[in-house]
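**Q** Below are the structure tokens for one structure; questions will follow.
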Amino acid sequence: MTVASVEGSAPREAGATMLVTQDDQRDTIGGGHLELRACEIARAMLAFPEARRLERFALGPSLGQCCGGVVQLVFETVDAAHRVSRDTHRTSWRVVSLDTDAPPLLITDEAALAFDPALPTRIVIDAAGRRWLVDRRAAWQAHLLLFGAGHVGAAIVRALADLPCHVTWIDERADAFPTTVPANVTIEITDAPEDIVGQATAGSSFLVMTHSHAIDQQLCAAILERNDAGWFGLIGSDTKRRQFEHRLLARGIPAERLAGMTCPVGIAGISGKAPAVIAAAVAAQLLQVWESV
Numbered sequence: 030m031t032v033a034s035v036e037g038s039a040p041r042e043a044g045a046t047m048l049v050t051q052d053d054q055r056d057t058i059g060g061g062h063l064e065l066r067a068c069e070i071a072r073a074m075l076a077f078p079e080a081r082r083l084e085r086f087a088l089g090p091s092l093g094q095c096c097g098g099v100v101q102l103v104f105e106t107v108d109a110a111h112r113v114s115r116d117t118h119r120t121s122w123r124v125v126s127l128d129t130d131a132p133p134l135l136i137t138d139e140a141a142l143a144f145d146p147a148l149p150t151r152i153v154i155d156a157a158g159r160r161w162l163v164d165r166r167a168a169w170q171a172h173l174l175l176f177g178a179g180h181v182g183a184a185i186v187r188a189l190a191d192l193p194c195h196v197t198w199i200d201e202r203a204d205a206f207p208t209t210v211p212a213n214v215t216i217e218i219t220d221a222p223e224d225i226v227g228q229a230t231a232g233s234s235f236l237v238m239t240h241s242h243a244i245d246q247q248l249c250a251a252i253l254e255r256n257d258a259g260w261f262g263l264i265g266s267d268t269k270r271r272q273f274e275h276r277l278l279a280r281g282i283p284a285e286r287l288a289g290m291t292c293p294v295g296i297a298g299i300s301g302k303a304p305a306v307i308a309a310a311v312a313a314q315l316l317q318v319w320e321s322v
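Under the working numbering, the first residue of the sequence shown is numbered 30, with each subsequent residue one higher.
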């Protein structure tokens, strides 16, 4: 199910999706009676095959909701013949006919589009009166380079697992990594982590929390020398920050660049030090940073 359009207030935005099977479901289109009714329709389509369906829902008393908006949902039966795979590093547009059973198209070249590529997911009607779902899937712009595979690093990876970001997880100790990692995580095992700093694209986010303060300091210097980080965080206390600032100033790092280093990390007001608590605070902080870009 795809939220194809939204008028007024609604629990989810256009482009939100949800997968429903006979005995399971993933993600959400907003919960409540809207989602309950939508799941009933989806499961009915599985029982009595129907390729696609467009439904309009007014979020009022009939659904027991008070949002007051209007939502259009596109229902699609997905099988191997109708599945498309997308590269999360590139913005793409999934174009689905709502009047035929034609397989969806996946367009990755803006030049091939007959519409404004910046517009969100929506329904369009062509000159022949045919209806199409144009489902814009934005590339994941957020890239975090996470240095350190300790308990807190592992907790942060878990906290970011379902968020629209790519994580490069770096440590010199191969045995520090778990046997499996989320799909949005790439492991880098290296004893020269500063080289990875130099290879990162401009605007990347950096989070340093290795097992060694000496390595932390080397990484801090390498990151601050770039002067193009989207965000840079160092785990530690105010005391650690003061010590590192003193040492990095002595290495020639300008004070104005040091001011861009976030330490301690995590949103304000959370004092817990358990790995999962720190991870939640850091994940929230990263979302604030990434959504402001």
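Using N, Cα and C, we set each Cβ at its ideal position, and we do this for glycine too.
1. Three Cβ pairs or more, each shorter than 8 Å: is that satisfied between the region 168-186 and the region 47-66?
2. Over the uninterrupted alpha helix (DSSP H) stretch that includes residue 307, give me the two end residues.
3. Which residues bound the beta strand (DSSP E) around residue 214?
4. Let me make sure I understand the geometry here. Which of 49, 42, 293, 119 has the alpha-carbon closest to that of residue 169?
5. With 16 other CB atoms within 10 Å as the buried threshold, where does residue 154 fall?
6. Please classify residue 239 as buried or exposed, where buried requires at least 16 other C-beta atoms within 10 Å of its C-beta.
7. Which one of 78, 241, 268, 197 has the shortest CA to CA distance from residue 228?
8. On the three-pair Cβ rule with 8 Å, is the region 170-183 touching the region 140-152?
9. Throw me the rounded Cβ distance for the residue 291 and residue 261 pair, which I believe falls under 8 Å.
10. What ranges does the beta strand (DSSP E) occupy inside the region 62-114, keeping only unbroken runs of at least 3 residues that lie completely in it?
11. What is the DSSP secondary structure of residue 273, reduced to helix, strand or coil?
12. Compute the beta-carbon to beta-carbon distance between residue 73 and residue 59, rounded to the nearest angstrom, for a pair I have assumed lies under 8 Å.
**A** Here's the rundown:
1. Not touching, per the Cβ criterion.
2. Boundaries of the alpha helix (DSSP H) harbouring residue 307: 304-320, taken from the DSSP string.
3. 214-218 is the extent of the beta strand (DSSP E) around residue 214.
4. Comparing Cα positions, the closest option is 119.
5. It is exposed - the Cβ of residue 154 has fewer than 16 other Cβ atoms within 10 Å.
6. When all chains shown are included, residue 239 counts as buried.
7. Looking at the Cα atoms, 197 is the closest of the given residues.
8. The region 140-152 and the region 170-183 do not touch, with fewer than three beta-carbon pairs separated by less than 8 Å.
9. Indeed, because the Cβ distance is near 6 Å, the residues count as touching under 8 Å.
10. DSSP assignment within the region 62-114 yields the following whole beta strand (DSSP E) runs of 3 residues or more, N-terminal first: 81-87, 99-105.
11. It is helical.
12. Between residue 59 and residue 73 the Cβ distance is about 20 Å, and since that is not below 8 Å, they are no contact.
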